[in-house]
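Per this note's numbering, the very first residue in the sequence shown carries number 3; after that it's consecutive. For every residue, glycine included, the Cβ atom is placed at its ideal position computed from N, Cα and C. Keep in mind that this is a model prediction, so the values were computed, not measured.
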Amino acid sequence: MSADSARLRERAARVMPGGVSSPVRAYAAVGGEPPVIAAAEGAHLVDADGSRFVDFVLAYGPLILGHGHPAVVEALRGQLSRGVAYGHTAKPEVELAERICAALPSVEMVRFVNSGTEATMSALRLARAATGRDLVVKFAGAYHGHADALLAAAGSGVATLGLPGSSGVPGGAVADTLVLPYNSAGAIAEAFAVHAGRIAAVIVEPVAGNMGCVPPLPGYLEELRRLTREDGALLVFDEVMTGFRVAYGGAQGLYEIEPDLTCLGKVIGGGLPVGAYGGRRALMERVAPLGPVYQAGTLSGNPLAMAAGVATLDVLRDGDAYARLESLAGRLGDGLRTAAVAASVPCAVNRVGSMLTAFVGVDRVDDYEDARRSDLDAFARLHRRWREAGVLWPPSQFEAAFLSTAHQAGDIDRAVSVFAGALRGAGPEEC
Ligand code: HOZ
Numbered sequence: 003m004s005a006d007s008a009r010l011r012e013r014a015a016r017v018m019p020g021g022v023s024s025p026v027r028a029y030a031a032v033g034g035e036p037p038v039i040a041a042a043e044g045a046h047l048v049d050a051d052g053s054r055f056v057d058f059v060l061a062y063g064p065l066i067l068g069h070g071h072p073a074v075v076e077a078l079r080g081q082l083s084r085g086v087a088y089g090h091t092a093k094p095e096v097e098l099a100e101r102i103c104a105a106l107p108s109v110e111m112v113r114f115v116n117s118g119t120e121a122t123m124s125a126l127r128l129a130r131a132a133t134g135r136d137l138v139v140k141f142a143g144a145y146h147g148h149a150d151a152l153l154a155a156a157g158s159g160v161a162t163l164g165l166p167g168s169s170g171v172p173g174g175a176v177a178d179t180l181v182l183p184y185n186s187a188g189a190i191a192e193a194f195a196v197h198a199g200r201i202a203a204v205i206v207e208p209v210a211g212n213m214g215c216v217p218p219l220p221g222y223l224e225e226l227r228r229l230t231r232e233d234g235a236l237l238v239f240d241e242v243m244t245g246f247r248v249a250y251g252g253a254q255g256l257y258e259i260e261p262d263l264t265c266l267g268k269v270i271g272g273g274l275p276v277g278a279y280g281g282r283r284a285l286m287e288r289v290a291p292l293g294p295v296y297q298a299g300t301l302s303g304n305p306l307a308m309a310a311g312v313a314t315l316d317v318l319r320d321g322d323a324y325a326r327l328e329s330l331a332g333r334l335g336d337g338l339r340t341a342a343v344a345a346s347v348p349c350a351v352n353r354v355g356s357m358l359t360a361f362v363g364v365d366r367v368d369d370y371e372d373a374r375r376s377d378l379d380a381f382a383r384l385h386r387r388w389r390e391a392g393v394l395w396p397p398s399q400f401e402a403a404f405l406s407t408a409h410q411a412g413d414i415d416r417a418v419s420v421f422a423g424a425l426r427g428a429g430p431e432e433c
């Protein structure tokens, strides 16, 4: 790689831990030097040396319309000329809240925050306040941001770096966090039997995305809904990744389950920093200033992020975006599956809408234990092959890849053909 990227990486490493602002971006799990990005357009990224890549990372999910969609750019330009932060309620914020409430019947009121971490942390505070209980159930390999109470058996970067949790989290902070295997109806039934009347909330990514993409087994979300309701606990859907991604109505619309609280982020900000949590009016009216559950933020509801979010949701709502995404993602998923079969290499390709993971070396992945059985060395070799061929895939077996409406069939076919070439031969160790 030539000098500009290398120089920028050196400068970054001197002043930023690992040279990054978020750990997965350091490429520790796949090796090689991470590209330093200079520009983005549609489904492509251009690095500081001028190399062009097809982008299946899409900033880890927000850019469902690709980079620089004209409607989003126009909305941002308009908002820029009117100001970038007010510290007061503004029209774009009201418009985004109205769209979210209209799209998700379980959400009657919404509070904007600045990240998914803030959304899940605040939703759990609200759940504990509403139930008067302390225990929270999360699932192994799920990642709900980096709040202390949720950094137990976490996926995403924690899984990528092979960490058991995070240093600096006091034992007391996770003492009320129960970690169960995802997709096990038996485990959750047992937890409610053992801790009856003590669980405030079950928080779940309704389609897991941070152990790689792992869909819920048939009936699993229904069982979570039934058990929480029977016990008086709240069901919290972390739809930071799936909201407006797997369908306009999110995973809750796709699987027809109404959670009590929903956490959002990524797509609703059109690529700008954002988060949100919402639910029934009676629950949300417990949030300050209407109620005693305190939560605040200087840049919450930031008008630039709100304007980008409104523009993004309007394109998604009014056009054929989801049909296009389904067709592109189907082409990618089918192509990867066919290539693995042709090469006689075990590879579970999990896909829900336009989020997808190819777990190399395993036939089936239903939970974190399955995901961890993937051949991580083979994935690292495959990742390097993709990168050499101008395809940027998430640099971890435990992150989902994403499609945007800006991808073209040729972009997909390039990724599939490199994958097929890497798998051809004796097995995944030859990737
Ligand atoms: N945990 C984030 C996605 N699952 C990573 C985001 C990033 O590194 O940009």
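Tell me whether R27, by its Cβ, gets closer than 7 Å to a heavy atom of ligand 1.
Here residue 27 refers to the residue found at position 25 of the sequence shown. For R27, the shortest separation between its Cβ and any heavy atom of ligand 1 lies below 7 Å.
Using only alpha-carbon positions, find the residue among C265, G273, G252 and A298 that is nearest to R319.
Here residue 319 is taken as the residue at index 317 of the sequence shown, counted from 1. Checked all of C265, G273, G252 and A298; the closest Cα to R319 is G252.
Per DSSP, what kind of secondary structure is F441 in: helix, strand or coil?
It is not possible to answer for residue 441, since the shown part of the chain is limited to 3 through 433.
Looking at ligand 1, does it come within less than 7 Å of S24, judged from the CB to the closest heavy atom?
Your numbering for residue 24 matches position 22 in the sequence shown. At least one heavy atom of ligand 1 is nearer than 7 Å to the Cβ of S24, so yes.
Regarding S158 and ligand 1, is the C-beta to nearest heavy atom distance less than 7 Å?
Residue mapping note: residue 158 aligns to position 156 of the sequence shown, counting from 1. Taken from the Cβ of S158, at least one heavy atom of ligand 1 lies inside 7 Å.
Excluding five sequence neighbours on each side, which residues of the same chain lie with their C-beta closer than 7 Å to the C-beta of A132?
Here residue 132 refers to the residue found at position 130 when the sequence shown is read from its first residue. Only L236, L285 and R288 meet the Cβ criterion.
Report all residues from its chain with a CB closer than 6 Å to the CB of Y145; omit the five preceding and five following residues, and keep chain order.
One-based indexing of the sequence shown puts residue 145 at position 143. These residues qualify, in order along the chain: A156, G157, S158 and N212.
At the level of alpha carbons, what is the spacing between C433 and E401?
Your numbering for residue 433 matches position 431 in the sequence shown. Your numbering for residue 401 matches position 399 in the sequence shown. Note that C433 scores 44 on pLDDT, short of 50, meaning its location in the model is unreliable; the coordinates nonetheless yield the value given after this. Cα to Cα, C433 sits roughly 19 Å from E401.
Where does C215 sit, in a helix, a strand or coil, going by DSSP?
For the purposes of this step, residue 215 is taken as residue 213 along the sequence shown, with counting starting at 1. C215: coil per DSSP, three-state reduction.
For ligand 1, is there any heavy atom lying closer than 7 Å to the beta carbon of E401?
Counted from its first residue, the sequence shown places residue 401 at position 399. Yes, the beta carbon of E401 sits closer than 7 Å to at least one heavy atom of ligand 1.
Among T122, A40 and A408, which residue has its Cα nearest to the Cα of L153?
Your numbering for residue 153 matches position 151 in the sequence shown. L153 has its Cα closest to that of T122, out of T122, A40 and A408.
Report back the beta-carbon spacing between P348 and D365 to the nearest angstrom; my notes put them in contact at under 8 Å.
To locate residue 348, count along the sequence shown from 1; it is residue 346. To locate residue 365, count along the sequence shown from 1; it is residue 363. That belief holds up - the Cβ atoms of P348 and D365 are roughly 5 Å apart, short of 8 Å.
Beta-carbon within less than 8 Å of L67's beta-carbon, same chain only, minus the 5 sequence neighbours each way: which residues are those?
Counted from its first residue, the sequence shown places residue 67 at position 65. Closer than 8 Å at the Cβ level, and outside the excluded window around L67, lie A73, V74, G272, T314, V317, L318, A323, S406, T407 and A408.
Paired residues, beta bridge with I39 - DSSP:
Counting from one through the sequence shown, the residue named residue 39 turns up at place 37. D49.
By Cβ distance, which residues of its chain are closer than 6 Å to R426, with the 5 residues on each side in sequence left out?
Counting from one through the sequence shown, the residue named residue 426 turns up at place 424. Hits under 6 Å: A345.
So, helix, strand or coil for I102, using DSSP?
The residue labelled residue 102 in the question sits at position 100 within the sequence shown. Looking at I102 - three-state DSSP - the assignment turns out to be helix.
Under the criterion of a Cβ to heavy atom distance below 7 Å, does N352 qualify as lining ligand 1?
Numbered from its first residue, the sequence shown carries residue 352 at position 350. Flag unset: Cβ of N352 not near ligand 1.
Quick one: using the 10 Å Cβ neighbour count with 16 as the cut-off for buried, is H90 buried or exposed?
Numbered from its first residue, the sequence shown carries residue 90 at position 88. So H90 ends up on the exposed side.
Report whether the distance from the Cβ of N212 to the nearest heavy atom of ligand 1 is below 7 Å.
Position 210 of the sequence shown, counted from the start, is the residue given in the question as residue 212. Under cutoff, so the answer is yes.
My assumption, with CB atoms under 8 Å, is that S83 sits in contact with P37. Please give the rounded CB distance.
As a working note, residue 83 is residue 81 in the sequence shown. As a working note, residue 37 is residue 35 in the sequence shown. Rounded to the nearest angstrom, the Cβ distance from S83 to P37 is 33 Å, too far for a contact under 8 Å.
For N304, the nearest candidate out of F361, R16, V171 and V96 (CA to CA):
Here the question's residue 304 lines up with position 302 in the sequence shown. Checking every option, the nearest Cα to that of N304 belongs to V96.
Interface flag, Q81 vs chain D, CB-CB below 8 Å:
The chain labelled as chain D is not found in the depicted structure, where only one protein chain is given.
Helix, strand or coil at L67 [DSSP, three-state]:
Here residue 67 corresponds to residue number 65 of the sequence shown, with the count starting at 1. DSSP places L67 in coil when its eight states are reduced to three.
Run through the DSSP bridge pairs and tell me what N352 is partnered with.
Numbered from its first residue, the sequence shown carries residue 352 at position 350. For N352, which the question treats as bridged, DSSP gives the partners T359.
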